[in-house]
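K.L.:
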Amino acid sequence: MHATAHLLVRTTFPTIYRDRLATLQVNLGYRCNQSCVHCHVNAGPARTETMDSQTIALISRVIEARRIECVDLTGGAPELHPGFRGLVRDIRALGARIVDRCNLTVLFEPGQEDLAAFLADNEVEIVASLPCYAAANVDRQRGKGVFAKSISALRRLNVLGYGKPGTGLTLNLAYNPQGPVLPPDQRELQREYKRFLGDRHGVVFDELLVITNMPIQRFGSMLVSKGLFEPYMQLLRDNYRAENLARVMCRQLISVDWQGYLHDCDFNQQLNLGMNAPDAPGGRLHLRDLLQAGPGRAPIKVAEHCYGCTAGKGSSCGGALQP
Numbered sequence: 001m002h003a004t005a006h007l008l009v010r011t012t013f014p015t016i017y018r019d020r021l022a023t024l025q026v027n028l029g030y031r032c033n034q035s036c037v038h039c040h041v042n043a044g045p046a047r048t049e050t051m052d053s054q055t056i057a058l059i060s061r062v063i064e065a066r067r068i069e070c071v072d073l074t075g076g077a078p079e080l081h082p083g084f085r086g087l088v089r090d091i092r093a094l095g096a097r098i099v100d101r102c103n104l105t106v107l108f109e110p111g112q113e114d115l116a117a118f119l120a121d122n123e124v125e126i127v128a129s130l131p132c133y134a135a136a137n138v139d140r141q142r143g144k145g146v147f148a149k150s151i152s153a154l155r156r157l158n159v160l161g162y163g164k165p166g167t168g169l170t171l172n173l174a175y176n177p178q179g180p181v182l183p184p185d186q187r188e189l190q191r192e193y194k195r196f197l198g199d200r201h202g203v204v205f206d207e208l209l210v211i212t213n214m215p216i217q218r219f220g221s222m223l224v225s226k227g228l229f230e231p232y233m234q235l236l237r238d239n240y241r242a243e244n245l246a247r248v249m250c251r252q253l254i255s256v257d258w259q260g261y262l263h264d265c266d267f268n269q270q271l272n273l274g275m276n277a278p279d280a281p282g283g284r285l286h287l288r289d290l291l292q293a294g295p296g297r298a299p300i301k302v303a304e305h306c307y308g309c310t311a312g313k314g315s316s317c318g319g320a321l322q323p
């Protein structure tokens, strides 16, 4: 696989600073039951990296110490981590909002037969990846048969109340483009998704989140292989909008890798770009450091891929930044 970090580190992206810390995004490990073309984590069934119990125990302590409002659990498939359910219960007991980045097909993995009910019982907000409403496109990007399984999973979640008004069970879908292009308008695409999935499959959901593909890991390697890396980067630069800087996710979020080290965002994590920490031992900040003090108004570590979050209507783990 082609590395892209060295192509991204030198940048003209403007300096930005952190606001208050509201969200802790925790990567529990890179093991996944799928291997998606657009995956910026390079997750898959053969990955073995997983967060240990000592690091998981720090998460609840940090939530209390820093009064974290939201914990965003990701992977890989975070649900495959043996400590996932215990962590969810602990977070819920502390009153923080919980988001699960779910690939949907994990609901059918051995031992996960009651996963959907568990998520509902604990009022976990689900962000489910469904990169298209057409079966052929999803299977091309995520693997043969994934679309059919995803629809079955969505129906199972709907039966439990997910995506339905008045239940308090939020079900959002996440869209990534099929190739090196910017995502379409989020509101327009959401209307198409709702109409198609509702009419064809009887599926309902709350919102569609469109997310720009990042030129790192598996997707970045594909760009390099096809000679598309620099044209894609130029597309991102040409569509840069300064007004998106005020709403980029890294200003209120810290990303925690499977070893407990801190990064300004999940994309920086995959490039091994730790948070700026000149006084930290070894120059790296860890979860345990947040027990002593918050990050303050520190400068955020930027690189060329940051243009991906600020191009067009902007992109974050919460979807487009502009209406």
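So for the sequence shown, our numbering puts the first residue at 1; every next one is plus one. Every residue gets a Cβ at the ideal spot worked out from N, C-alpha and C, and that includes glycine. Keep in mind the model is a prediction, meaning the values are calculated, not measured.
From which residue to which residue does the beta strand (DSSP E) around THR74 run?
P.N.:
The count along the sequence shown starts at 1 and reaches residue 74 at position 74. Taken as a continuous stretch (DSSP letters only), the beta strand (DSSP E) holding THR74 covers 70-74.
K.L.:
Assign HIS2 to one of three DSSP states: helix, strand, or coil.
P.N.:
Here the question's residue 2 lines up with position 2 in the sequence shown. Three-state DSSP puts HIS2 in coil, outside helix and strand.
K.L.:
Would you mind sorting HIS263 into buried or exposed? The rule is 16 or more other CB atoms within 10 Å of its CB.
P.N.:
Looking up residue 263 in the sequence shown gives position 263. Under this definition HIS263 is a buried residue.
K.L.:
Could you check which residue in GLN54, PRO110 and GLY308 has the C-alpha nearest to that of VAL210?
P.N.:
Indexing the sequence shown from 1 puts residue 210 at position 210. Selected option, being the one with the closest Cα: GLY308.
K.L.:
Taking the Cβ atom as the reference point for each residue, do ARG92 and ASN122 lie within a distance shorter than 8 Å?
P.N.:
Position 92 of the sequence shown, counted from the first residue, corresponds to residue 92. Position 122 of the sequence shown, counted from the first residue, corresponds to residue 122. Yes.
K.L.:
Do the stretch 248-265 and the stretch 20-27 meet, that is, are 3 or more Cβ pairs less than 8 Å apart?
P.N.:
Yes, they touch.
K.L.:
Buried or exposed: where does LEU73 fall if 16 or more other Cβ atoms within 10 Å of its Cβ makes it buried?
P.N.:
By 1-based counting over the sequence shown, the position of residue 73 is 73. LEU73 is buried by the Cβ-count criterion.
K.L.:
Opposite ASN255 in the DSSP bridges: which residues?
P.N.:
Reading the sequence shown from its first residue, position 255 is the one you call residue 255. Checking the displayed sequence, the identity of residue 255 turns out to be Ser instead of Asn. The partner list for SER255 (beta bridge, DSSP) reads GLN25 and HIS263.
K.L.:
In chain order, what are the residue ranges of uninterrupted alpha helix (DSSP H) at least 4 long that sit wholly in the stretch 152-212?
P.N.:
Whole alpha helix (DSSP H) segments, 4+ residues: 186-201.
K.L.:
Kindly indicate which three-state DSSP category VAL127 falls into: helix, strand or coil?
P.N.:
Position 127 of the sequence shown, counted from the start, is the residue given in the question as residue 127. DSSP places VAL127 in strand when its eight states are reduced to three.
K.L.:
Helix, strand or coil, according to DSSP, for SER316 in the structure here?
P.N.:
For the purposes of this step, residue 316 is taken as the residue at position 316 of the sequence shown. Correct three-state label for SER316: strand.
K.L.:
On the DSSP letters alone, give me the boundaries of the beta strand (DSSP E) that ILE63 sits inside.
P.N.:
For the purposes of this step, residue 63 is identified with residue 63 of the sequence shown, where counting begins at 1. Per DSSP, ILE63 belongs to no beta strand (DSSP E); it is in the alpha helix (DSSP H), 53-66.
K.L.:
Counting along the chain, where does the alpha helix (DSSP H) carrying ASP121 start and finish?
P.N.:
By one-based count along the sequence shown, residue 121 stands at place 121. Looking at the DSSP string, the run of the alpha helix (DSSP H) that includes ASP121 is 115-121.
K.L.:
So, are the CB atoms of VAL204 and GLY168 less than 8 Å apart?
P.N.:
Within the sequence shown, residue 204 is the residue found at index 204, counting from 1. Within the sequence shown, residue 168 is the residue found at index 168, counting from 1. In this structure, GLY168 does not lie closer than 8 Å to VAL204 by Cβ.
K.L.:
I think ALA65 touches VAL127, with their Cβ atoms under 8 Å apart; what is that distance to the nearest whole Å?
P.N.:
Position 65 of the sequence shown, counted from the start, is the residue given in the question as residue 65. Position 127 of the sequence shown, counted from the start, is the residue given in the question as residue 127. The Cβ separation is near 26 Å, so there is no contact.
K.L.:
Report the partner residues of PRO299 according to the DSSP bridge assignment.
P.N.:
Position 299 of the sequence shown, counted from the start, is the residue given in the question as residue 299. According to DSSP, which records beta bridges pairwise, PRO299 is partnered with TYR17.
K.L.:
Is it true that the CB of ALA77 sits closer than 8 Å to the CB of ASN103?
P.N.:
As a first step, residue 103 is located in the sequence shown; it is residue number 103 there, counting from the start. As a first step, residue 77 is located in the sequence shown; it is residue number 77 there, counting from the start. Against a cut-off of 8 Å, the Cβ pair of ALA77 and ASN103 comes out as a contact.
K.L.:
Less than 8 Å between the beta carbons of LEU21 and GLY318, yes or no?
P.N.:
Numbered from its first residue, the sequence shown carries residue 21 at position 21. Numbered from its first residue, the sequence shown carries residue 318 at position 318. Going by C-beta atoms, LEU21 is not nearer than 8 Å to GLY318.
K.L.:
On a CA-only basis, which of ARG140, ILE98, GLU304 and ILE56 is nearest ARG288? Give me that one, please.
P.N.:
Sequence index remark: in the sequence shown, residue 288 carries index 288 (1-based). Of the candidates ARG140, ILE98, GLU304 and ILE56, the one whose C-alpha sits nearest the C-alpha of ARG288 is ILE56.
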